[in-house]
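Peer 1:
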């Protein structure tokens, strides 16, 4: 419950504050958000499986974000930023889908 | 639950009870030691698989518990929600179609815009040139039309199809004795033409190139129109030229006065020649220009 409240408060705060995204962070923010979403879905699935562990969740969340940003950064330096970020999004998307499928099986038994 | 609470409290002196239990376990049938750990864990696990999905979710959701798990996850999710909202907001800004674009895309877009600007600039120049040409040509056409109109007016004055006005003289020939004949009037007309008369009318008949005069008894026919004395000539031209031309010794005036006609000449700044004659379309002659 508190976690869901945290998410809602975050969205509302982001919409209300509307901070200027620093130019340095700008290319990485969307990828980082997708990576974080992946971690959240993984966490949700783990919770439904009954194997949720906050330490694992924190580490996977942060490392997902950092690695995703790092890949994009590296891609930009190598000149294949667009392709790499597409790849990252595809991989994370697949993971999100498989996690979502597992969650669905838990919640709807189907 | 009771087991978990007891364990930390029991830690300092775990040996005696354990040994007792161990002894008990060994002594007792194997059912007892199996039950003690199984009851809490087994009950939870038996319940959980049945509730698994929804119930666990509901359990996590409804009684809001300030556990460490919840707080940590809340903080991370706050970050996620914040980032998500910021990103969505910055992407859906009207001007930010280019904001999310990467450098090479921006360069490409800029190049395309440059190309397009160049093309449009070229097109604009071409169209402006065309416009100028059209304006010039329409100016020329207008000029030509004006000249044509002017020429038509001049020719109309000569051909007698339009009325004319301007400085000139009025010559009145009083012929009480009926001695004035067509050839004398023709002489007068010739003299006036030679002196630069531009438009002439006699008693309401326009005198043009094809005008003819014939005698008809006491009177004179001009182009078949009978006119009677006094003969009143309205002549447009330079008065200073016309009057002396008529008055020269042995000229028109003297000849007429010899025939006992009286001639009076008046200069005027405004003579109106308003007798008209219909333009005659030539049957055979065609303009050879164009």
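Residue numbers (the numbering used here), protein chains in the order written: chain P, 1187 to 1296; chain X, 8 to 297. A virtual CB, placed ideally from N, CA and C, is assigned to each residue, including glycine.
How many Å lie between residue 1200 of chain P and residue 92 of chain X at the Cα?
Peer 2: Going by the C-alpha atoms only, they are around 5 Å apart.
Peer 1: Per DSSP, residue 1233 of chain P is paired with what?
Peer 2: Paired residues: none, contrary to the question.
Peer 1: Start and end of the beta strand (DSSP E) containing residue 221 of chain X?
Peer 2: Taken as a continuous stretch (DSSP letters only), the beta strand (DSSP E) holding residue 221 of chain X covers 220-223.
Peer 1: I need the DSSP call for residue 1227 of chain P, collapsed to helix, strand or coil.
Peer 2: DSSP places residue 1227 of chain P in helix when its eight states are reduced to three.
Peer 1: Listed from N- to C-terminal order along the chain, which residues in the region 1238-1271 of chain P have their beta-carbon within a distance smaller than 9 Å of any beta-carbon of chain X?
Peer 2: Taking 9 Å as the Cβ-Cβ cut-off against chain X, the residues of the region 1238-1271 of chain P that qualify are 1238, 1239, 1240, 1241, 1243, 1244, 1247, 1248, 1251, 1262, 1265, 1267, 1268 and 1271.
Peer 1: Does any residue of chain X bring its CB to less than 8 Å from the CB of residue 1273 of chain P?
Peer 2: Answer no: the Cβ-Cβ gap between residue 1273 of chain P and chain X never drops below 8 Å.
Peer 1: List, in chain order, every chain X residue whose beta-carbon is nearer than 8 Å to that of residue 1282 of chain P.
Peer 2: Within 8 Å Cβ-Cβ: nothing; residue 1282 of chain P doesn't reach chain X, min ~13 Å.
Peer 1: Going by CA-CA distance only, name the one from P:1216, P:1249, P:1232 and P:1254 that's closest to residue 1290 of chain P.
Peer 2: Ranking the options by Cα distance to residue 1290 of chain P, first place goes to P:1232.
Peer 1: Which value, in whole angstroms, describes the spacing of the CA atoms of residue 119 of chain X and residue 110 of chain X?
Peer 2: For residue 119 of chain X and residue 110 of chain X, the distance between alpha carbons rounds to 14 Å.
Peer 1: Who are residue 233 of chain X's beta bridge partners in DSSP?
Peer 2: Per DSSP, X:228.
Peer 1: Should residue 1246 of chain P and residue 1228 of chain P be called a contact, given that it needs their Cβ atoms to be closer than 8 Å?
Peer 2: Cβ distance < 8 Å, so residue 1246 of chain P and residue 1228 of chain P count as in contact.
Peer 1: Per DSSP, which residues does residue 258 of chain X bridge with? Please list them.
Peer 2: DSSP lists no partner for residue 258 of chain X.
Peer 1: Leaving out five residues before and five after residue 241 of chain X in sequence, what residues of the same chain have Cβ atoms less than 6 Å from its Cβ?
Peer 2: Hits under 6 Å: 177, 208, 278 and 280.
Peer 1: Give me whichever residues DSSP pairs with residue 1282 of chain P in a beta bridge.
Peer 2: None; residue 1282 of chain P has no bridge partner.
Peer 1: For residue 212 of chain X, tell me which candidate among X:201, X:233 and X:186 has the shortest Cα-Cα distance.
Peer 2: With distances taken between Cα atoms, residue 212 of chain X lies closest to X:233.
Peer 1: Any beta-carbon of chain P closer than 8 Å to the one on residue 113 of chain X?
Peer 2: Not an interface residue.
Peer 1: Could you tell me how far apart the beta carbons of residue 222 of chain X and residue 188 of chain X are, in whole angstroms, since I believe they sit closer than 8 Å?
Peer 2: About 5 Å separates the two Cβ atoms, so the contact holds.
Peer 1: I believe residue 1193 of chain P touches residue 90 of chain X by the beta-carbon criterion, under 8 Å. Please report the beta-carbon distance rounded to the nearest angstrom.
Peer 2: With 8 Å as the limit, residue 1193 of chain P and residue 90 of chain X do not qualify as a contact, their Cβ atoms being about 11 Å apart.
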